[in-house]
Amino acid sequence: MPGPSADEGDKGLPPPSQSHFAKFEHFTPNDAASFDDEFDRLASSQQWVPGSQEYTRQRTVAMREELELHYFSQSQQLDNINEEEELSEEEKALQGYQALCHEVGIDPSDSVAECKRILKNTLVNIVDLIDARRTGKRVEVWDSFEEFRAYTLQDKKRINLEEAKKPPGYLASLLQRLSEP
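If you count the sequence shown from 1, position 73 lands on 72 in numbering that gives the first Met the number 0, and the numbers rise without skipping.
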């Protein structure tokens, strides 16, 4: 598998081998593909039936791991620290949440709790956040809850809440309650 291009290095993208999709035998990831396209290919190769519990669980695991990789991994913060320094979990979380704030066009806070609060009040699809790093696609921030809800509740976009809430909780911190307001 070829290494990252110069353009990918400039974006601070993690090495492709760290992607969730690289963990599966007999599956060749396409790091330039959108999350949905890549997951659909993976699901087909693993014979996960769209809409099944296993499909939904595996999709949620992939979302959690891709979100962590693209926003919260040590490789994303290497420009900001010396090579000998290791970020604490709190520093890693803060820098990740600050990166998410930047991604949606919001001035980040100096605290994890405040960044989470700001992000909870921002209508943004989690897959769009992942694709911002995978494909360079601009993240759409929604003004209308109803339009956001309709977009997010499309078929095959469901997630497994139990899986989403597993530590370190990055995915859970971005979830929106999509029942009627």
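No residue lacks a Cβ here, since even glycine has one placed at the ideal position from N, Cα and C.
Original post:
If you count every other CB in all the chains shown that lies within 10 Å of the CB of leucine 174, and 16 or more means buried, which is it?
Top reply: Label assigned to leucine 174: exposed.
**OP:** Might you give, ordered along the chain, the residues of its own chain that have their beta carbon closer than 8 angstroms to the beta carbon of lysine 115, omitting 5 neighbours on each side?
**Re:** Tyr96 and Ser172
Original post:
Which residue from Thr151, Lys156, Glu24 and Ile125 puts its Cα closest to that of arginine 56?
Top reply: Lys156
Subject >> Span of the alpha helix (DSSP H) around glycine 95 >> reply: 88-102
Original post:
From alanine 21 to serine 87, what distance separates their C-alpha atoms?
Top reply: Distance between the alpha carbons of alanine 21 and serine 87: 26 angstroms.
**OP:** Look at the alpha carbon of glycine 50 and the alpha carbon of serine 108, and state the distance between them as a whole number of angstroms.
**Re:** Between glycine 50 and serine 108, the C-alpha separation is close to 38 angstroms.
**OP:** Could you check which residue in Glu102, Ala98 and Val103 has the C-alpha nearest to that of valine 111?
**Re:** Ala98
Subject >> One or two residues paired with tryptophan 141 in a DSSP bridge >> reply: Leu122
Original post:
Excluding five sequence neighbours on each side, which residues of the same chain lie with their C-beta closer than 7 angstroms to the C-beta of leucine 37?
Top reply: Position check: residue 37 holds glutamate in this sequence, whereas leucine was assumed. Close CB contacts of glutamate 37 within its chain, under the 7 angstroms cut and outside five residues either way in sequence, are with Phe20, Pro28 and Asn29 (chain order).
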